[in-house]
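Protein chains: 2
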Amino acid sequence: MSVTIFDVAERAGVSISTVSRVLNGRDRVNPDTARRVQAAVDSLGFRQNALARALVTRRSEMVGLIIPKVNDPFHFEIVRGVEDAVSLSNHSLLIVSQTRNDGEERNLVPFQRGLVDAIIAVAVDLSRAEMADLEKRNVPLVLVQQTEGEDIPSFVTDNYGGACQLTEHLLDHGYQRFAYISGSNLTCDSAERLRGLRDSLAGRGLALDDRYIAPGDYLRGSGYEAMQRLLALDPLPDVVFAANDQMASDALLVINEYGLRVPEDIAIAGFDDVPLASYITPALTTVHQPTYELGFQAAQAALNIVKEEKPIEPMHVVLPTRLVVRRSCGCH
Amino acid sequence: MSVTIFDVAERAGVSISTVSRVLNGRDRVNPDTARRVQAAVDSLGFRQNALARALVTRRSEMVGLIIPKVNDPFHFEIVRGVEDAVSLSNHSLLIVSQTRNDGEERNLVPFQRGLVDAIIAVAVDLSRAEMADLEKRNVPLVLVQQTEGEDIPSFVTDNYGGACQLTEHLLDHGYQRFAYISGSNLTCDSAERLRGLRDSLAGRGLALDDRYIAPGDYLRGSGYEAMQRLLALDPLPDVVFAANDQMASDALLVINEYGLRVPEDIAIAGFDDVPLASYITPALTTVHQPTYELGFQAAQAALNIVKEEKPIEPMHVVLPTRLVVRRSCGCH
DNA sequence: CTGAAAGCGCTTACAG
DNA sequence: CTGAAAGCGCTTACAG
Chain W
1 MSVTIFDVAE
11 RAGVSISTVS
21 RVLNGRDRVN
31 PDTARRVQAA
41 VDSLGFRQNA
51 LARALVTRRS
61 EMVGLIIPKV
71 NDPFHFEIVR
81 GVEDAVSLSN
91 HSLLIVSQTR
101 NDGEERNLVP
111 FQRGLVDAII
121 AVAVDLSRAE
131 MADLEKRNVP
141 LVLVQQTEGE
151 DIPSFVTDNY
161 GGACQLTEHL
171 LDHGYQRFAY
181 ISGSNLTCDS
191 AERLRGLRDS
201 LAGRGLALDD
211 RYIAPGDYLR
221 GSGYEAMQRL
231 LALDPLPDVV
241 FAANDQMASD
251 ALLVINEYGL
261 RVPEDIAIAG
271 FDDVPLASYI
281 TPALTTVHQP
291 TYELGFQAAQ
301 AALNIVKEEK
311 PIEPMHVVLP
321 TRLVVRRSCG
331 CH
Chain S
333 MSVTIFDVAE
343 RAGVSISTVS
353 RVLNGRDRVN
363 PDTARRVQAA
373 VDSLGFRQNA
383 LARALVTRRS
393 EMVGLIIPKV
403 NDPFHFEIVR
413 GVEDAVSLSN
423 HSLLIVSQTR
433 NDGEERNLVP
443 FQRGLVDAII
453 AVAVDLSRAE
463 MADLEKRNVP
473 LVLVQQTEGE
483 DIPSFVTDNY
493 GGACQLTEHL
503 LDHGYQRFAY
513 ISGSNLTCDS
523 AERLRGLRDS
533 LAGRGLALDD
543 RYIAPGDYLR
553 GSGYEAMQRL
563 LALDPLPDVV
573 FAANDQMASD
583 ALLVINEYGL
593 RVPEDIAIAG
603 FDDVPLASYI
613 TPALTTVHQP
623 TYELGFQAAQ
633 AALNIVKEEK
643 PIEPMHVVLP
653 TRLVVRRSCG
663 CH
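Chains W and S, in that order, give the protein sequences. Just so we're aligned: 248 in this note's numbering is position 248 of the first sequence, and the numbers increase by one with no gaps anywhere. Going from the second sequence to this note's numbering is simple: count from 1 and add 332.
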C-alpha cells in the first residue's frame, strides 16, 4: 500500500491534523514540529493523495479543455497557452478532444463529475443545454474563439477586423473579383472573416458574388476541392481569400497544377499565420493571430473565476490581429 | 450543493448501496428497483462524483501524458492517437507538457499523487529516479519514442531502419558528401537516425566527416543556423539529411537565400513526413512515421497493464517507417 | 436482491 | 500550537 498521512503522523509522533497543517502551510505550526513532520515526509517519500484532498476541499486543481479534434498548429498554440497558464498556478490540464459534428454528450462526462474546477472550450460549439448543465454543476466556463450570449466569458481574436485589414490591402493591389474559401460553418470565426471581407468590399462599392464563395472546413485538403471549384468559374477570380492558411496552401497547389501562377494570375491570402505560411512558395500573406496569448489569457481568466468565485472583468476580450504581408498577395 | 447518491437513494426509497449497484451495473439488482433508481437519477440530474469514486476504487480512470513542450504536428499526432485510445476506453487524459532541459521535478507531481492510473511519456527523457519513483507508486509507465532498459515498455518507430532506407536512396542518386543536421541530443531518435546514416554510408565504403554534422534541436529555426554552418564548409555537401522535416525546411530556405538550388546544387531530405513536407518547394523527400499509431498503441498498452495488472507482451514495439520520395532528393 | 457499516485519504472547524 | 472527530461522496464486503 502507499504511504498515507497516518504513516507520517505516526513517524513524526503527531496527529494527522498537524501533518495536514504543515503540508498545506496555512495554519501556524511550531517550527520544531514542522521540521519533524517534514523529516517524516521525506524519509517515507510521502505524497498527498490528490483525490482525497480534492474530495474535501472541493477543488481538484484540474482545468478541463475541450478542443476540436484537429491537428493544426493554430489550435496547438492555444493549447500551449492554456497549458502554461494552468501549470503556472500549479493546476493540471484535463483534455477532451471533441470531434466536430458528432454531438455526442459522452465526452463531457468527466467534466460533469466534479473532476475539474473550470472548463475552457475552444471553438467547439457546445450546445446551450451542455453549457447550462455545466453551469448547474457550478463549474465556470470560458469560451475561446467563440461567443454565446453575454453571460459566458469569451476570448476571441478580432476576426472581423483582421479580415477588413487584409481585404483593404488586397483592394489596394487593385483586385476586384474576390473569391472566398470558407471554414467550417460550425464555428463563428469563418463567418466573421467573411463579414469583414464583405464590408470592406462594400466600402469600395464592390460586392462578393455568392458563386465565388467555396465551402471548406479548415482541414487539410479541403482547400483543394474548394479551389478546383473556383477554377471552374468564368471569369476567374483575381484573388482568393481562404479562411485559414492551410486551405490557402491547398489552393496554391491547385492553382499551380492548373498551370497558373501565384500571385501573377491569381493572388492568394490566408488567415492565422501558422508556420506553414512562411515556408510555402510564394510565402503567404495572411493575418497573424495571437493564439498563444488567447489560450493563456482564457486560462488565467478561468482560474481567476475559480479563485475569486465571481465573474471576471471584462467578460469579453477581443485580441487584435496583425496583417502579415508576404508575397502571395502580389507584394515585393 | 450538488446532488449526491444519498439524494438519489432517498428519492428512490432505497439505500445508497443499491443506488451504487445500479450505477455501476455490476451486482444483480431487481429490475423494478433499478428502474426506480434510474428515474431518480434522471429527475435529479445526478452524476457520480468521480473523485469519491476514484478514492475508493483506487482507479481514477485518468491517464497521464508527458510530452515535450514543442508545437509540431509530429507530437500532436501522437497526442491524437493517445487521446483516441484513452477516450475509447472511457478514460480521461491528463497532460503535462514538459520543457526540455529544465529538469524540474514539479511537473510530475500530479502523477505522483494518485491522480492517474498510468503514464505515457513521449520522448521526454525522464530521469531514472523519476521512473523509479513512479514505479514505487505503482503507476505503470509506457515510453514512446524512447527506451530505457528492458523492464520499461516502449513504443518507438524504426528510426534506424528509416534512416538506412533514406540513406540508401540518396546513395543511389550518387551523392557522396553527406551532411547531417541533428535533433536534440536529449532524445534517442536523432542518435538512431545518425547511426542509420553512418552504417549505410559505411556499407558503401563512405564515412561521415564530423565537421558535416551540425547541431540542431528539432525546433523551428534551428535548421537555419545549422545550415548556415554547413554552407561555410569547403567543399559543400552534396546532400543534407536533417533529423526532422522542420529543420529540413529551414535548411531549404537558407540554401535558397544563398542563391543555390535544391536539389540541383544541394539535395535535402528530412524525417517525419509532417504536412509541411508536401507543401514546400521542392516537396521534401522524407521518412514517414506512423505517429498516430504509435500513440494509439502505447495508450492501449498502458491501459492494458492497468486492466490486467501485469506487464504486456511484447514489452518493446518497433513500428516500421516508410520512405517517401518527393523532389528534394533529386527525383522526378 | 438489499441494507448497515466500514473505509478510501484527506481537511477543517471546534476545543483546549 | 495541537488533537479528536466529523465529513467529503462514493464502493464493497458482510449479513440477511
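Cβ coordinates follow ideal geometry from the N, Cα and C atoms, glycine included. The model shown is predicted, which means the values in this text are computed figures rather than measured ones.
For the region 146-164 of chain W, there are no residues whose beta carbon sits under 9 Å from a beta carbon of chain S.
Counting C-beta pairs with one atom in each stretch, the region 392-399 of chain S and the region 418-425 of chain S have three or more that are closer than 8 Å, which means they touch. DSSP places residue 209(W) outside both helix and strand once states are collapsed to three, so it counts as coil.
As the crow flies, the alpha-carbon of residue 591(S) is around 24 Å from that of residue 657(S). Residue 573(S) carries a strand assignment under DSSP once its states are collapsed to helix, strand and coil. The DSSP-derived three-state label of residue 271(W) is coil. Interface annotation, residue 382(S): in contact with chain W, CB-CB separation under 7 Å. Straight-line spacing of the CA atoms in residue 142(W) and residue 246(W) works out to 27 Å. Comparing alpha carbon positions, the residue from 303(W), 291(W), 206(W) closest to residue 74(W) is 291(W). Look at residue 216(W): its C-beta is not under 7 Å from any C-beta on chain S.
With contacts defined as CB atoms closer than 7 Å, residue 168(W) and residue 200(W) qualify as a contacting pair. Proximity to residue 41(W) across 8(W), 27(W), 69(W) peaks at 8(W), based on C-alpha coordinates.
Annotation: residue 445(S) is outside any alpha helix (DSSP H) and is labelled neither H nor E by DSSP.
Classified as exposed, residue 6(W) has fewer than 16 neighbouring CB atoms from the shown chains inside 10 Å of its CB. As a beta-bridge residue in DSSP terms, residue 178(W) pairs with 239(W).
Annotation: the region 625-652 of chain S contains the following complete segments of the beta strand (DSSP E) (minimum length 3 residues), in chain order: 648-651. Of all residues in the region 555-567 of chain S, none comes within less than 9 Å of chain W when Cβ atoms are compared.
Think of a sphere of 8 Å around the beta carbon of residue 613(S): the chain W residues whose beta carbon falls inside it are 280, 281, in chain order. Residues of the region 449-462 of chain S that bring their beta carbon within less than 9 Å of a beta carbon in chain W are absent altogether. Straight-line measurement puts the Cα of residue 294(W) at about 15 Å from the Cα of residue 162(W). By the Cβ rule, the region 594-606 of chain S does not count as touching the region 371-391 of chain S, because fewer than three pairs are nearer than 8 Å.
For residue 489(S), the beta-bridge partners assigned by DSSP are 651(S). Straight-line spacing of the CA atoms in residue 516(S) and residue 82(W) works out to 25 Å.
Taking the C-beta atoms as reference points, residue 66(W) is found nearer than 7 Å to residue 121(W).
Around residue 659(S), no beta-carbon contact reaches into chain W at under 7 Å, the shortest distance being about 13 Å. Residue 27(W) and residue 350(S) have their C-alpha atoms spaced approximately 41 Å apart. Note that the region 233-253 of chain W touches the region 207-219 of chain W; at least 3 beta-carbon pairs, one per stretch, sit closer than 8 Å.
A residue is called buried when at least 16 other Cβ atoms come within 10 angstroms of its Cβ; residue 652(S) does not meet this threshold and is exposed.
In the DSSP assignment, residue 618(S) falls within the unbroken beta strand (DSSP E) covering 618-620.
In the DSSP assignment, residue 31(W) falls outside any beta strand (DSSP E) and within the unbroken alpha helix (DSSP H) covering 31-44. When C-alpha distances from residue 419(S) are compared across 644(S), 635(S), 654(S), 564(S), the shortest belongs to 635(S). Judged by DSSP secondary structure, residue 354(S) falls within the alpha helix (DSSP H) whose first and last residues are 348-356. Secondary structure of residue 95(W) (DSSP, three-state): strand. The three-state reading of DSSP puts residue 592(S) in coil, since its state is none of H, G, I, E or B. In the three-state scheme derived from DSSP, where H, G and I count as helix and E and B as strand, residue 254(W) is classed as helix.
With its beta carbon at least 7 Å from every one in chain S, residue 36(W) lies outside the interface.
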